[in-house]
Each structure stands twice: as C-alpha cells, then as structure tokens.
Amino acid sequence: MKTRISRGVVAAVLAVTALTACSTGAPTGGGTADTGTAASSLTADAERELQATIDQYRAVPTFTPPGPAIDVTSLRGKKIYIIPETNNVFNTVNVAAMQDVAQRVGVEVTVFPNQGNTSQWVQGMQTAVSQKVDLIVLANAPDPRALQPQLAAAKAANIPVVVTHFYDDSTTPAPNCEGCAAGVTALETAPFDTAAKLLADWVILQGKGNVNALIPIVGAVIPSPGMQAAIKGEFDKYCPKCTYKFVDISLADFASAKLATDIQASLSGDPKINWVIDQLDSMESATVSAINTAGRSGQIQIVGYNGATSSIKDVQSGTSPMVMDVGESAPWIGYSTMDQAFRVLLGQPVVKASAPVRVFDSTNAKDAGDPPALTQGYGDAYVAGYEKLWGLS
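Residue numbers -26 to -1, 1 to 367, in mature numbering (1 follows the signal peptide of the UniProt record, and there is no 0), belong to the letters of the sequence shown in order.
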C-alpha cells in the first residue's frame, strides 16, 4: 500500500519501540469454502443492517463541512513545510492536492523529499525550524513519537505542527494523543476503525455468515489494536458462530518475504479457512502467493484496505481472489489537511479533520477508472465543498 496505515506507518514504527503485539482469535463456529451456495446463518435483522451499511459505503462519499466557514485571504504569503512519510505515488498525489490548494490561496509550500528514514524526517524538521516557516505538516505517517526533540524545537519556535493520516478518527485530539505532547498542534485523522468494520461486515454478508477468516495484522502499529477490536466487534455482533483468527505479523516479517510464509502456515493449519481479511493492501501479493502455495486457489477470497490501484484492478478483473477493497482518496485527504492547517494558521479552533472511505467491489469498482487511479472513484463534492468553506467560490 502505501498509506496511510501501510508500509509507511510500519516503517515509522520500526524507528521507535514496538507496541504490544496483538495476536488473538475467536475459535467459534465453523465455516465452509463454498460461500456462494451455503445457506445463510445470519438473522434477518443482521442481514438488513449489514446490507444497509455496505450500500451506504458503496456509494460515492458526500461532503460534510468539518467546521464553520473561514476566510483564508489573510493567509497569503504564509509558508507551509510538508514532510511526507516517503516518496511514493499516494503521497505524490496527496501532496499535489495540497500544493494546488495552497497556490490558490497564495500560501507558499515547500515539500521535503525523503525515502522514509527517520534521520531524514529529523533533517526535514530541523530545516523547517531553521527556515522559520509558519506551519509544518507531517504528511501520511512520519511518526511523531520518533521526532520528540524536533517537535519540542518547533514548539519553542512557535511553529505549529499538523500530523496527518497516522491516528484513527477516535483518537484524543492533540496535544493529548500518544506522542503529541512535545509539539503536535492538530491532527488530520483516518477512519482506520471504520475501514476495519467494513471489511468484517462485507465478509459476513457475502459469506452469509458461513465464514472462517484468517486476519493477518501488524500488531505493532498504532491503528492495529483499534482495527482488531473493530473487526472482533462486528463478528461478535452479527456472526457469533463465525470463526476468525488474528495472526500477528511482526514488523520484520511484514517487510520481508516471510509474510507469505506466515500466512501460508496459517492456511495449511486450517483447511476450512475460506476468507483472508488483509489489514493492508500491501499484504495482497503475499496472501495470493500463500493461497497458491497451499494449494487453495479458488477456495479462498481476499478483502483489504487502502484503495491501492493494483488491488482495485484485481477487484475489477472478476478473476482474482481479491474481491473487495476499502479505499480512500489521496486528494481528499490533502484538502482535509489544508483545511486543518488553515484553521491553525488563522488561530481558529481545530476541527475533526478526516476524509471518508468507500467500499469497492464488483458492483462499483469500475468507478475507480480503467486503469484505476487514486484520483477517481470518490467524486469531487469535496472540492466544491472546501472551496465554498474557504470563500474561494
């Protein structure tokens, strides 16, 4: 993937002490590989609720103003320094949206290119402080816990810092979030837990409750405990007879070929597994490899999160085991970030800044383009919405 919670977030965690690993399971019920013909074990109420939720998130997202309108005309000439987690396609598209918005407002933007190394983030922070910029954006996963001295230096220099797409929407606002007290001013959060719920909901509904799911999860990254709890909550609520097992993937294994080996071992240990819920799209290739190596091709389906164009293309194909992906808009995240940044620069109260997710499956994956693009599939209501909010239209 990139994003967002992705190899990017994982790379960030490699720079700091790993959190408690999250490996658990729910050894309840059964499940068959033939989800297409098995009779449903769901209650009528559960099916209705699940279908309503999936229908809601299959639709093109709507824009909801995150806060009151603001006048951005006074921001002309301000300087924003953006430090992306690394150089990749997602961040390029995301940052390009921020640059476009800044240009329209008359704000000067500097982007610090890097390859995702903590030492480079440190250098970027030091450069931003030395240049006396007006605001710093840690975009899409530079881990603030790895930048405590640099955040303190920015705070001492009265330079606010906005952290984006690293914390879940449920996170306590800055400065009370984990790693934020040293100098994080505001957040642009991500719906990690919502995405996790949607993964579980879609599998439960499509599997008609006849589910035996393997769920590889990188327990050491900040969003993982919440995502794991969200998935467990949906299974407990809608399908207590379903079987599911979380398999904790270590940071080292996630970044190596051993990821496929770990998944294959779990598949070989349970011939009844019929679904794999990948926490991240970047797990897909390893999951497919593991399925094939285990001799389970055609017996197991995959769902994942991040909206990677390669994963959505597989969903579009109709022949891949990848059958659903929860995606997110890189440009929308950029607009959401700039809205929060503008409010901070204006001295206005910060808001709950976030961008929505969308479920892509066989019914709507074509909306993401042919071939899929990070800029397609989410509509453009947010563009007009933010422009009106900022007084640009």
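Where a beta carbon is used, it is the ideal one built from N, C-alpha and C, also for glycine.
Throw me the rounded Cβ distance for the residue i and residue j pair, which I believe falls under 8 Å.
i: VAL46; j: PHE220; result: The pair is not a contact, with the Cβ atoms about 45 Å apart (cut-off 8 Å).
i: SER285; j: ASP244; result: Rounded, the Cβ-Cβ distance is 24 Å, inconsistent with contact.
i: VAL192; j: ILE223; result: 5 Å
i: GLY181; j: TRP249; result: 6 Å
i: residue 368; j: PRO190; result: Not covered by the structure: residue 368. The range shown for the chain is -26 to 367.
i: PHE334; j: VAL289; result: 6 Å
i: PRO87; j: ASN62; result: PRO87 to ASN62, Cβ: 11 Å. No contact.
i: PRO118; j: GLY153; result: 4 Å
i: GLY359; j: PRO39; result: 6 Å
i: ALA120; j: THR101; result: Contact flag wrong, Cβ pair sits at about 17 Å.
i: ALA76; j: ILE54; result: 6 Å
i: residue 379; j: PRO197; result: Residue numbering for the chain in the displayed model covers -26 to 367; residue 379 lies beyond these limits and cannot be assessed.
Measuring straight from C-alpha to C-alpha, what distance separates residue i and residue j?
i: ILE56; j: LEU363; result: 23 Å
i: ALA(-1); j: TRP176; result: Reliability fails at ALA(-1), whose pLDDT of 36 lies under 50, so the model's placement of it is uncertain and no value is given.
i: LEU125; j: VAL158; result: 7 Å
i: VAL318; j: THR311; result: 11 Å
i: PRO149; j: LEU112; result: 15 Å
i: ALA327; j: PRO147; result: 10 Å
i: TYR141; j: PRO199; result: 12 Å
i: GLU258; j: ASP74; result: 32 Å
i: VAL83; j: TYR309; result: 14 Å
i: VAL277; j: LEU172; result: 10 Å
i: THR163; j: THR66; result: 19 Å
i: ILE205; j: ALA174; result: 6 Å
i: ASP143; j: PRO295; result: 30 Å
i: ARG78; j: VAL324; result: 22 Å
i: TYR356; j: GLU208; result: 29 Å
i: ALA128; j: ALA155; result: 12 Å
i: VAL81; j: SER271; result: 52 Å
i: LYS(-25); j: GLN275; result: Residue confidence for LYS(-25) is low, a pLDDT of 40 falling below 50, so the modelled location carries little weight; the figure read from the coordinates is stated next. Using only the alpha carbons, I get a separation of about 22 Å.
i: LEU188; j: ALA194; result: 18 Å
i: GLU59; j: GLN94; result: 10 Å
i: ALA329; j: TRP306; result: 6 Å
i: ARG332; j: ARG22; result: 19 Å
i: ILE178; j: THR36; result: 26 Å
i: ALA226; j: LEU233; result: 9 Å
i: GLN322; j: THR145; result: 20 Å
i: GLN25; j: ASP19; result: 10 Å
i: THR17; j: VAL185; result: 15 Å
i: ALA71; j: VAL34; result: 19 Å
i: PHE228; j: LYS340; result: 30 Å
i: GLU361; j: GLN253; result: 34 Å
Based on DSSP bridge pairs, tell me the residues matched to residue i.
i: residue 382; result: Outside the displayed range of the chain (-26 to 367) lies residue 382, so it cannot be described from this structure.
i: SER328; result: THR163
i: VAL135; result: ILE110
i: MET296; result: ILE276
i: VAL79; result: Beta-bridge pairing links VAL79 to no other residue.
i: CYS154; result: DSSP, once it has assigned bridges, lists no residue as partnering CYS154.
i: ASP222; result: ILE191
i: ILE53; result: The displayed chain sequence assigns Lys, not Ile, to residue 53. LYS53 is bridged to GLU82.
i: GLY301; result: ASN280 and ARG332
i: residue 383; result: Not covered by the structure: residue 383. The range shown for the chain is -26 to 367.
i: ASN186; result: THR217
i: ASP142; result: ALA164
i: PRO58; result: ALA113
Please classify residue i as buried or exposed, where buried requires at least 16 neighbouring CB atoms within 10 angstroms.
i: GLY365; result: exposed
i: GLY281; result: buried
i: ARG50; result: exposed
i: LYS246; result: exposed
i: ASP29; result: exposed
i: GLY90; result: buried
i: LYS106; result: exposed
i: ASN132; result: exposed
i: THR337; result: exposed
i: ALA342; result: buried
Distance cutoff 9 Å, beta carbons only. Does residue i sit that close to anything in chain C?
i: PRO295; result: The chain labelled as chain C is not found in the depicted structure, where only one protein chain is given.
**Request:** State whether the segment 212 to 219 contacts the segment 256 to 268, with contact taken as three or more CB pairs (one from each stretch) at a distance under 8 Å.
**Result:** The segment 212 to 219 vs the segment 256 to 268: no contact.
**Request:** Would you check if there are 3 or more beta carbon pairs closer than 8 Å linking the segment 292 to 308 to the segment 336 to 351?
**Result:** With a cut-off of 8 Å, the segment 336 to 351 and the segment 292 to 308 count as touching, because enough Cβ pairs lie within range.
**Asked** Would you say the segment 130 to 138 touches the segment 96 to 114, given that touching needs at least three Cβ pairs under 8 Å?
**Response** Between the segment 130 to 138 and the segment 96 to 114, the count of C-beta pairs closer than 8 Å reaches three or more; the two stretches touch.
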